[in-house]
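Trainee: My questions will all concern the structure given below.
Protein chains: 2
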Amino acid sequence: MGTRGQDRGLHARLLSALGPAITAGEYPPGTVLRTDELEERFEVSRTVVREAVRVLESMHLVESRRRVGVTVRPAEEWDVFDPQVIRWRLAGPDRPRQLRSLTRLRSAVEPVAAGLAAELATPEQCADLTSHALGMVATSRGHQLESYLVHDVAFHRVILRASGNEMFARLGDVVAEVLTGRTQHQVMFSDPDPEAVSLHVRVAEAVRERDAERAESLTREITVGAMRELDVLAP
Amino acid sequence: MGTRGQDRGLHARLLSALGPAITAGEYPPGTVLRTDELEERFEVSRTVVREAVRVLESMHLVESRRRVGVTVRPAEEWDVFDPQVIRWRLAGPDRPRQLRSLTRLRSAVEPVAAGLAAELATPEQCADLTSHALGMVATSRGHQLESYLVHDVAFHRVILRASGNEMFARLGDVVAEVLTGRTQHQVMFSDPDPEAVSLHVRVAEAVRERDAERAESLTREITVGAMRELDVLAP
DNA sequence: GTGACTCAAACGTCATACGTAAGTAACGTC
DNA sequence: GACGTTACTTACGTATGACGTTTGAGTCAC
Numbered sequence: 001m002g003t004r005g006q007d008r009g010l011h012a013r014l015l016s017a018l019g020p021a022i023t024a025g026e027y028p029p030g031t032v033l034r035t036d037e038l039e040e041r042f043e044v045s046r047t048v049v050r051e052a053v054r055v056l057e058s059m060h061l062v063e064s065r066r067r068v069g070v071t072v073r074p075a076e077e078w079d080v081f082d083p084q085v086i087r088w089r090l091a092g093p094d095r096p097r098q099l100r101s102l103t104r105l106r107s108a109v110e111p112v113a114a115g116l117a118a119e120l121a122t123p124e125q126c127a128d129l130t131s132h133a134l135g136m137v138a139t140s141r142g143h144q145l146e147s148y149l150v151h152d153v154a155f156h157r158v159i160l161r162a163s164g165n166e167m168f169a170r171l172g173d174v175v176a177e178v179l180t181g182r183t184q185h186q187v188m189f190s191d192p193d194p195e196a197v198s199l200h201v202r203v204a205e206a207v208r209e210r211d212a213e214r215a216e217s218l219t220r221e222i223t224v225g226a227m228r229e230l231d232v233l234a235p
Numbered sequence: 001m002g003t004r005g006q007d008r009g010l011h012a013r014l015l016s017a018l019g020p021a022i023t024a025g026e027y028p029p030g031t032v033l034r035t036d037e038l039e040e041r042f043e044v045s046r047t048v049v050r051e052a053v054r055v056l057e058s059m060h061l062v063e064s065r066r067r068v069g070v071t072v073r074p075a076e077e078w079d080v081f082d083p084q085v086i087r088w089r090l091a092g093p094d095r096p097r098q099l100r101s102l103t104r105l106r107s108a109v110e111p112v113a114a115g116l117a118a119e120l121a122t123p124e125q126c127a128d129l130t131s132h133a134l135g136m137v138a139t140s141r142g143h144q145l146e147s148y149l150v151h152d153v154a155f156h157r158v159i160l161r162a163s164g165n166e167m168f169a170r171l172g173d174v175v176a177e178v179l180t181g182r183t184q185h186q187v188m189f190s191d192p193d194p195e196a197v198s199l200h201v202r203v204a205e206a207v208r209e210r211d212a213e214r215a216e217s218l219t220r221e222i223t224v225g226a227m228r229e230l231d232v233l234a235p
C-alpha cells in the first residue's frame with residue numbers, strides 16, 4: 001500500500017517529515033524549532049515552512065510564538081483523533097499504545113454502531129454485510145489473509161456507515177488501519193480465529209433481522225476478542 | 001466564556017471566517033474559492049490566505065488544486081472529529097445534527113470509560129469524583145445552573161481522564177462543549193433532573209468501590225437520559 | 001531588590017517575481 | 001467530421017527581500 005499522506009507539494013513533504021518525528025518523540029515537549037533553522041535543514045523557503053507549521057499548529061502538535069519560536073507541545077494536548085496524527089503514531093514507536101487506545105475505542109463504538117445499524121441499515125447494506133461475512137468465511141482458511149482482510153475491513157465499514165452517525169462513519173478509516181496493521185504485522189501466518197469469523201456472520205444475521213440487542217452484544221464479543229488478542233500478542 | 005479559537009494573527013481570523021462559513025454550508029461542495037478573490041475580499045496578503053487554506057485542507061474541508069482553485073469538499077469527507085470543526089458546526093445551522101452525533105458518541109464512549117475508571121482511578125480521582133457529584137447535588141436546586149454545570153463538566157472530565165485512555169481523555173473538551181451548550185440553550189429555566197443527579201452520585205460510588213460493571217451500566221443510564229432529553233427538546 | 005526602560009530576536013505580514021501543473025482550445029491529421 | 005496532439009493560459013506553488021510587531025531578556029536607575 002502506497003504513501004497515504006498525499007505528498008504533493010513541498011509543504012506536504014515537510015509535514016510528513018516533521019509530523020512523524022514529533023509524534024515519535026524525537027523532539028521532546030518544549031523543544032523549539034526556529035523557522036530559519038527548518039528552512040535551512042530542509043532546504044525550503046519560509047513560505048513552505050510556515051505552511052507546514054500552521055498545519056502542525058492546528059493539530060496542536062506545536063505552538064508558534066513570537067520571539068520564542070515553534071515549540072513542541074506535550075503529548076496530552078495533541079489532537080489524537082486527527083487521522084494524520086493517528087497514522088504517524090501507528091508508524092512510530094508509540095504504535096503499541098496507539099493500537100491499544102484505538103482498539104479500546106472500537107470496543108466502545110462498534111457495538112453501539114452495530115445496534116444502530118440493526119435499526120437503520122438499508123436492504124442493500126444488509127446484503128453487503130452478509131456478502132462480506134460470507135466472504136470472510138470463504139477466505140478464512142488456507143492463508144488467504146489478503147482477501148480475508150478486504151472483507152473484514154469492508155464489513156466493519158458497512159456497520160459504521162449504516163449506523164447513520166457521521167462520526168461513527170468516519171472511524172471506518174481508522175478501523176481499516178488497525179485491521180490492516182494487525183494483518184501485516186503480527187498474525188501473518190496463522191489463519192483467523194474461526195470464532196471471530198462466526199461472530200461476524202451472526203452479526204450480519206442479527207442486523208438483517210433488525211435485532212439491535214443481539215447485533216450489539218455480538219459485536220461486543222468481537223471487540224472483546226480484539227482486545228484479548230492484543231493482550232496476548234503485546235504484553 | 002470568550003472566543004475559543006485563538007484569533008491571534010490574520011490567518012487565524014481568516015480561518016474563523018471561512019471555517020464556520022464552509023461548515024455552515026454557505027459554500028456548497030464543489031464551490032471554488034480563488035486565492036486572489038479571498039485576498040481581495042478579506043484584505044489580506046497571499047501568504048495569509050495560503051496558510052488558512054492549508055489548515056482547511058488538513059481538515060479535509062477544502063482541496064487546493066492547480067489551475068482550478070480551492071474547492072469545497074463534500075461534508076462526508078470532513079474531519080468531523082477535529083475539535084475546531086466540531087465547534088464550528090455546533091455554532092452553525094448544523095447544530096442539532098452535530099449535537100445528536102456527539103451525544104450518541106458519548107453514549108458509546110462514556111460507559112466504557114467509566115468501567116475503566118473503576119479499575120484505574122487513583123484515590124485522588126475518586127475523591128474528585130465524589131466531590132463533584134456532591135457539588136452537583138448541592139447546586140441542583142434553586143437555579144444555580146452555572147455552578148451545577150461546572151461540577152457536571154468536571155465530573156465527566158475526571159471519568160474520561162481516569163479511564164487511562166488518551167483518546168477518551170481528549171473527548172473531555174467535546175463533552176464540556178455539549179453540556180455547556182445544553183445549559184445555555186435549552187434547559188435554562190428548569191432545574192436538573194434529580195434522577196440524573198442521583199446517577200452521578202452512584203457512579204462516583206461505584207468507581208470508588210472498584211465496581212466496573214455497575215459504573216458502566218449507571219453511566220449508560222446517564223447517557224441514555226441525555227439522548228432522551230435531546231429527543232424531547234428537538235424533534 | 002524592584003521597577004521601568006531599552007533592545008533585539010523571531011515570528012507575522014506584505015509585495016513581487018517566477019516556476020509549474022492542468023484545463024482548454026486551437027490545430028492538424030486521419 | 002471525429003479524434004488525438006500541441007500550445008497556450010490560468011491559478012496555484014515556491015522563493016525572496018523588506019518591514020512590522022510582539023515579547024523575552026538584559027540593563028539601568030532608584
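Note that the protein sequences, when read in sequence, are chains H and R. Heads up: the first sequence begins at 1 in UniProt numbering, then just goes up one per residue. Heads up: the second sequence begins at 1 in UniProt numbering, then just goes up one per residue. Don't be surprised by glycine CBs; every beta carbon is placed ideally from N, CA and C.
(1) The beta strand (DSSP E) with R/Ser64 in it runs from where to where?
(2) If you draw a straight line from the C-alpha of R/His26 to the C-alpha of R/Val70, how long is it?
(3) What residue range is occupied by the uninterrupted beta strand (DSSP E) comprising H/Glu71?
(4) Indicate whether H/Ala121 and H/Leu129 have their beta-carbon atoms separated by less than 9 angstroms.
(5) Just curious, the alpha helix (DSSP H) that R/Asp148 is in, first and last residue?
(6) Output, in sequence order along the chain, the residues in the stretch 81–95 of chain R whose CB is closer than 8 angstroms to any CB in chain H.
(7) Could you tell me whether the stretch 152–161 of chain R touches the stretch 85–103 of chain H, using the rule of 3 or more Cβ pairs below 8 angstroms?
(8) List the whole-angstrom C-beta distance separating H/Ala212 from H/Ala118, where the pair is believed to meet the contact cut-off of C-beta under 8 angstroms.
(9) Examine the Cβ distances between the stretch 104–118 of chain H and the stretch 213–220 of chain H and report whether three or more of them are shorter than 8 angstroms.
(10) Kindly give me the distance between the Cβ atoms of R/Val55 and H/Val55, rounded to whole angstroms, as I take these residues to be in contact under 8 angstroms.
(11) So what's R/Leu171 in DSSP terms, helix, strand or just coil?
(12) What residues in its chain sit with their C-beta under 8 angstroms from that of H/Leu230, if we drop five residues either side in the sequence?
(13) Where does residue 236 of chain R sit, in a helix, a strand or coil, going by DSSP?
(14) Rounded C-beta distance between R/Gly225 and R/Asp193? I'm assuming under 8 angstroms.
(15) Measure from the C-beta of H/Leu61 to each C-beta in chain R and report whether the shortest distance is under 9 angstroms.
(16) For H/Asp131, return the contacting residues in chain R, with the cut-off set at a CB-CB distance below 9 angstroms.
(17) Assign H/Leu90 to one of two classes, buried (16 or more other C-beta atoms within 10 Å of its C-beta) or exposed (fewer than that).
(18) Have a look at H/Val85 and H/Leu61 and give me their C-alpha separation to the nearest angstrom.
(19) Under a CB-based cut-off of 9 angstroms, is H/Arg170 close to chain R?
(20) Against chain R, with Cβ distances strictly below 9 angstroms, would H/Pro111 count as a contact?
(21) Determine the closest residue to R/Pro20 out of R/Ala52, R/Leu105, R/Ala176 and R/Thr183, with distance taken between C-alpha atoms.
(22) Within 10 angstroms of its Cβ, does H/Asp36 collect 16 or more other Cβ (buried), or is it exposed?
(23) H/Val109 to H/Phe168, Cα distance in whole Å?
Mentor: To lay it out plainly:
(1) Membership of R/Ser64 in the beta strand (DSSP E) is indicated by the continuous run Val62 to Arg65.
(2) Correcting the residue type first, residue 26 of chain R is Glu in the shown sequence and not His. Distance between the alpha carbons of R/Glu26 and R/Val70: 15 angstroms.
(3) First, the amino acid is wrong: residue 71 of chain H is Thr here, not Glu. Its beta strand (DSSP E) spans residues Gly69 to Val72.
(4) Going by beta carbons, H/Ala121 and H/Leu129 fall inside the 9 angstroms limit.
(5) The sequence shown places Tyr at residue 148 of chain R, rather than the Asp named in the question. Counting along the chain, the alpha helix (DSSP H) containing R/Tyr148 begins and ends at Leu145 to Ala162.
(6) Phe81, Asp82, Pro83 and Gln84
(7) With the cut-off at 8 angstroms, the stretch 152–161 of chain R and the stretch 85–103 of chain H do not touch.
(8) 4 angstroms
(9) Cβ pair count under 8 angstroms is three or more, so yes.
(10) 6 angstroms
(11) coil
(12) Leu99, Arg100 and Thr103
(13) Since the first residue shown for chain R is 1 and the last is 235, residue 236 of chain R is missing from the structure and cannot be characterised.
(14) R/Asp193 and R/Gly225 do touch by the CB rule: their CB atoms are close to 7 angstroms apart, below 8 angstroms.
(15) No, H/Leu61 does not count as interfacial toward chain R.
(16) At residue 131 of chain H the sequence reads Ser, which differs from the Asp that was named. Going along chain R, no residue has its Cβ under 9 angstroms from H/Ser131, so there is no contact; the nearest lies around 22 angstroms.
(17) buried
(18) 9 angstroms
(19) yes
(20) A Cβ of chain R is located within less than 9 angstroms of the beta carbon of H/Pro111.
(21) R/Ala52
(22) exposed
(23) 7 angstroms
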